[in-house]
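The listed protein sequences derive, respectively, from chains A and B. Per my numbering, the very first residue in the first sequence carries number 104; after that it's consecutive. Per my numbering, the very first residue in the second sequence carries number 16; after that it's consecutive. The beta-carbon is built from N, C-alpha and C at its ideal position, and this holds for glycine as well. Quick caveat: nothing in here was measured; it's all calculated off a predicted structure. See structure below.
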Amino acid sequence: MSRRLRAALIAVAATAVGCFVWSGRPWSAPYLPFFVSTAVIGLAFLAAGIAAWQRWPASRLGLLFSVVGYAYLVPYTIINLPGSFAFTIANLTENVSGAALAHLALAWPSGRLRSRFERRVVIAEYAWNLGITGVSMLAWNPSFSGCNASCPANLLLIRSSRSVWDGINAASIPGSLALTGIVLALIVRHWRSARGWSRRVMTPLLWISVAVIAESSAKDILSNLNLGISNSFFFNGIAPLVVLAGPALVIADTVRVRSARGALGTAVVDLEPGASPGRLRDALARALGDSTLQLAFRLPDGSGYLDTSGQAVEVARPGPGRAVTPVADAGVAVLVHDAGLEHEPQLVRMTAAAAGLALEHSRLQAEVQAQLEQVRASRARIVEAGDAERRRLERDLHDGAQQRLVTLSLALGMARDRASGADPELEALIESAGKEAREALTELRELARGIHPAVLTETGLTGAIQALVERSPVATTITAVPDERFPAAIEATAYFVVCEALANVAKHARAGGAQLSIRRLPGRLVVEVSDDGTGGARPDGGSGLRGLADRVASVGGVLRVDSPPGGGTRLEADLPCP
Amino acid sequence: MLRVCPDVGGLARCQTGSVQLSAAILIVDDHDGFRTFARGMLEAAGFTVAEAATGAEATEAARALRPGLVLLDIALPDFDGFEVARRLAAAASAGTPAPVVVLTSTREARDYGGRIAASPAAGFLPKDQLSGAALRRFLAEDRS
Numbered sequence: 104m105s106r107r108l109r110a111a112l113i114a115v116a117a118t119a120v121g122c123f124v125w126s127g128r129p130w131s132a133p134y135l136p137f138f139v140s141t142a143v144i145g146l147a148f149l150a151a152g153i154a155a156w157q158r159w160p161a162s163r164l165g166l167l168f169s170v171v172g173y174a175y176l177v178p179y180t181i182i183n184l185p186g187s188f189a190f191t192i193a194n195l196t197e198n199v200s201g202a203a204l205a206h207l208a209l210a211w212p213s214g215r216l217r218s219r220f221e222r223r224v225v226i227a228e229y230a231w232n233l234g235i236t237g238v239s240m241l242a243w244n245p246s247f248s249g250c251n252a253s254c255p256a257n258l259l260l261i262r263s264s265r266s267v268w269d270g271i272n273a274a275s276i277p278g279s280l281a282l283t284g285i286v287l288a289l290i291v292r293h294w295r296s297a298r299g300w301s302r303r304v305m306t307p308l309l310w311i312s313v314a315v316i317a318e319s320s321a322k323d324i325l326s327n328l329n330l331g332i333s334n335s336f337f338f339n340g341i342a343p344l345v346v347l348a349g350p351a352l353v354i355a356d357t358v359r360v361r362s363a364r365g366a367l368g369t370a371v372v373d374l375e376p377g378a379s380p381g382r383l384r385d386a387l388a389r390a391l392g393d394s395t396l397q398l399a400f401r402l403p404d405g406s407g408y409l410d411t412s413g414q415a416v417e418v419a420r421p422g423p424g425r426a427v428t429p430v431a432d433a434g435v436a437v438l439v440h441d442a443g444l445e446h447e448p449q450l451v452r453m454t455a456a457a458a459g460l461a462l463e464h465s466r467l468q469a470e471v472q473a474q475l476e477q478v479r480a481s482r483a484r485i486v487e488a489g490d491a492e493r494r495r496l497e498r499d500l501h502d503g504a505q506q507r508l509v510t511l512s513l514a515l516g517m518a519r520d521r522a523s524g525a526d527p528e529l530e531a532l533i534e535s536a537g538k539e540a541r542e543a544l545t546e547l548r549e550l551a552r553g554i555h556p557a558v559l560t561e562t563g564l565t566g567a568i569q570a571l572v573e574r575s576p577v578a579t580t581i582t583a584v585p586d587e588r589f590p591a592a593i594e595a596t597a598y599f600v601v602c603e604a605l606a607n608v609a610k611h612a613r614a615g616g617a618q619l620s621i622r623r624l625p626g627r628l629v630v631e632v633s634d635d636g637t638g639g640a641r642p643d644g645g646s647g648l649r650g651l652a653d654r655v656a657s658v659g660g661v662l663r664v665d666s667p668p669g670g671g672t673r674l675e676a677d678l679p680c681p
Numbered sequence: 016m017l018r019v020c021p022d023v024g025g026l027a028r029c030q031t032g033s034v035q036l037s038a039a040i041l042i043v044d045d046h047d048g049f050r051t052f053a054r055g056m057l058e059a060a061g062f063t064v065a066e067a068a069t070g071a072e073a074t075e076a077a078r079a080l081r082p083g084l085v086l087l088d089i090a091l092p093d094f095d096g097f098e099v100a101r102r103l104a105a106a107a108s109a110g111t112p113a114p115v116v117v118l119t120s121t122r123e124a125r126d127y128g129g130r131i132a133a134s135p136a137a138g139f140l141p142k143d144q145l146s147g148a149a150l151r152r153f154l155a156e157d158r159s
């Protein structure tokens, strides 16, 4: 709505209220409660009309609120104008505000009547209000209503008859009640068929309608019983104010949309990292106040959409009362929501943006996770490839150079035996060559063992750990080693942990003894080496423990070093082991 | 490859002759060079020698020739020396006299942890320490 139009609407509304107030001079006491309540109601509906017009420019709600406001004010303004014509029109249109209220209630919240039947009901409401008033005015003398001779004439009057007028009024009550009943039934039906957002919008209207209808019906019936109660302060000044709940609807609705906007932001921020799309849907539905909200994703083959509970969603035809809003421009995900939300396009856009943000966030997180997995897997592969290469080198040495040195050694032994006695000098020479060959063989064995311990391949941890302990210069007690085979990478890692730990004990700890255990726990293999030495080993100091930690991490394990100065060192590797 | 008493026509027949059962040795190794030298050394030491290059050949030759001692390399191309030793022991329990099985390797005994002790073999001899005298000690231990 443009500023100029809004200014014009405000000016007209202010003029109408001003005229009403001015026309009521001298504001005599008996009419004052009625006068004030009518002014307040008229003002409230006109203000609500302008607000609604601004909030929902495409909807007729603004117009309907304004019509109700003017229907309250205009008759009671022109009734004070001089002349019989204005007086007659004022009396004729006195009750149009009731029909306008019914129209507004049936058109809530879209501003549009839902069916031809409803349009007919609304037309009937207007016609009945004008018609029955017009008919009764044929017999109405203003004096019946306490109007003295100062009142202008009723131009519709044919024959003044109090009894006829009373009769028409009484006879109109069942018709009025029937129409009112139909309107209420329709409102109940709207409420019952509404889900999610629309239900939340319909609920207050239902209660307001019940209250307003109760008030107006009571007033109609009581005024026809001529008990005089209908002229009381309560019925003239207080009870009519119940319709103020109508304009309050606009305020409540605005507040609801505002709070939903705020809740959306919080919902996405509060969503735990890596939350499932189902949880995202729940958070959005809660924040938005639409329990029917669905978050649907396009199937990879593009054949359709599935919502977070696995239900197929017809995006092209979302069903009656449903609307679809794409989340991301790629159309990978869509929101399917209550069609009533289409009146709050900004809120829907915000919801879609929040959903998009959350989905993008989880996508990025999944990407980082996947990359991390890849790096982990490739690290494990690199270490395994290294192990395999070392095993191959050891085997090559065993099959090649070691074998040849053995043969050479044997040949030299035979040569020495043949030369024995015949040529002592040659015998000594061959003997020393044989010694060299044996030493070379010993060195080569040590080298091969360092590259990869054959005993680990041959016997697994039991033999390999035993061999390590036997060669360790520090007295080491083995408390437990499982007598079973594990994946090569786990065995190799456990072996290297013990190897490095025992080497550290021998080199740095100045320990009297060490203890070693390898325990099989569900899903894990825990290697523990402790000594009674000087302690003070730092996991980040020196390349030994750092490299060992890397090695342990490569199979997905954790290395813990507990080494208080003077308190010995305890090294524990916790390895995953299926 | 079965080279048996080339001048007599078969180790089994040799056994019926003057050659003692205890003096027949089956060398099981896939390394030609080693077999050649070992054969030369052991023949020089007075043994009758047959050769096999694989585990399968070894069990076959042992069944056919009934050697007194099998010098058995642990690393073989088909199945390892421990498995051959187990099969020989199993065959022996079926009635035939068991040969003395001596496991051998270019590696040291400790590289095999407890597997050597757990096998039915009589013992282990590192390849570079092979000699007729060493094998005679195994045979003597077996007899006593």
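Here's the rule: buried if 16 or more other CB atoms are within 10 angstroms of the residue's CB, otherwise exposed. What is S657/A?
buried
Note down, in chain order, every chain B residue with its Cβ under 8 Å from the Cβ of E561/A.
D126, Y127, G128 and R130
Would you kindly work out how many angstroms separate the C-alpha atoms of R498/A and L550/A, rounded to a whole number?
12 Å
S301/A classed as buried or exposed, judged by whether at least 16 other C-beta atoms fall within 10 angstroms
buried
Assuming contact is defined by CB atoms lying nearer than 8 Å, are C254/A and F336/A in contact in what I supplied?
no
If you run the structure through DSSP and keep just helix, strand and coil, what is R574/A?
helix
Closer than 8 Å to chain A by CB, E123/B:
yes
How do the segment 67–82 of chain B and the segment 139–152 of chain B stand: do at least 3 beta-carbon pairs fall below 8 Å, yes or no?
no
Compute the distance between the beta-carbons of A104/B and P82/B, then report whether it is under 8 Å.
no
Starting from the Cα of A366/A, find the closest Cα among G349/A, P212/A, L391/A and A518/A and give me that residue.
L391/A
Is there contact between the segment 166–183 of chain A and the segment 143–156 of chain A, where contact requires at least three CB pairs shorter than 8 Å?
yes
Secondary structure of Q144/B, DSSP reduced to three states:
helix
How long is the line joining the alpha carbons of L241/A and A256/A, rounded to whole angstroms?
12 Å
Tell me the DSSP secondary structure of E66/B in three-state form.
strand
Can you tell me whether DSSP reads H440/A as helix, strand or coil?
strand
Of all the CB atoms in chain A, is at least one closer than 8 Å to the CB of A59/B?
yes
C-alpha distance - H46/B paired with E492/A, whole-angstrom precision
23 Å
So P307/A is in the alpha helix (DSSP H); what residue range does that whole segment cover?
G299 to N327
Going by DSSP in three states, Q414/A sits in which element: helix, strand or coil?
coil
Would you kindly check if the distance between the Cβ of R163/A and the Cβ of A704/A is under 8 Å?
Nothing can be reported for residue 704/A, as the shown portion of chain A is limited to 104 through 681.
List, in order along the chain, the chain A residues whose C-beta lies closer than 9 Å to that of G55/B?
L513, A514 and M517
If you measure between the beta carbons of F81/A and L176/A, is that distance less than 8 Å?
Look at the range of chain A in this structure, 104 to 681, and you will see that residue 81/A is not part of it.
Can you find a heavy atom of the ligand FMN that lies under 7 Å from the Cβ of I581/A?
No copy of the ligand FMN appears in this structure; indeed no ligand is present at all.
Could you name the residues of the segment 588–619 of chain A whose beta carbon sits closer than 8 Å to any beta carbon of chain B, in the order they occur along the chain?
none
Under DSSP, the alpha helix (DSSP H) around F338/A begins and ends at which residues?
Per DSSP, F338/A belongs to no alpha helix (DSSP H) and is neither H nor E.
At the level of alpha carbons, what is the spacing between V372/A and M453/A?
14 Å
Closer than 8 Å, CB to CB, is G566/A near chain B or not?
yes
Alpha carbons only, please: which of G55/B, R102/B, R78/B and L84/B is nearest the one belonging to G138/B?
L84/B
Just checking: is the beta-carbon of S225/B within a distance shorter than 8 Å of some beta-carbon in chain A?
Chain B is shown only over 16 to 159; residue 225/B falls outside these bounds and no answer can be derived.
Take the Cβ of R107/A as the centre, count every other Cβ of all protein chains shown within 10 Å, and call the residue buried at 16 or more, exposed below.
exposed
Could you check whether E66/B and I42/B sit closer than 8 Å to each other, using their CB atoms as the reference points?
yes
On the CB-based measure, 16 or more other CB atoms within 10 Å of its CB, does F220/A come out buried or exposed?
exposed
Give every residue of the same chain whose Cβ lies closer than 6 Å to the Cβ of R663/A, excluding the five residues on either side of it in the sequence, and list them in chain order.
E675
Return helix, strand or coil for T582/A, following the three-state DSSP convention.
strand
Would G303/A be called buried (16 or more neighbouring beta carbons within 10 Å of its own) or exposed?
Inspection of the sequence shows that residue 303/A is occupied by Arg rather than by Gly. With 16 or more Cβ atoms within 10 Å of its Cβ, R303/A is classed as buried.
Neighbourhood of R673/A by C-beta, 6 Å cutoff - its chain only, sequence neighbours within 5 removed
S633 and D665
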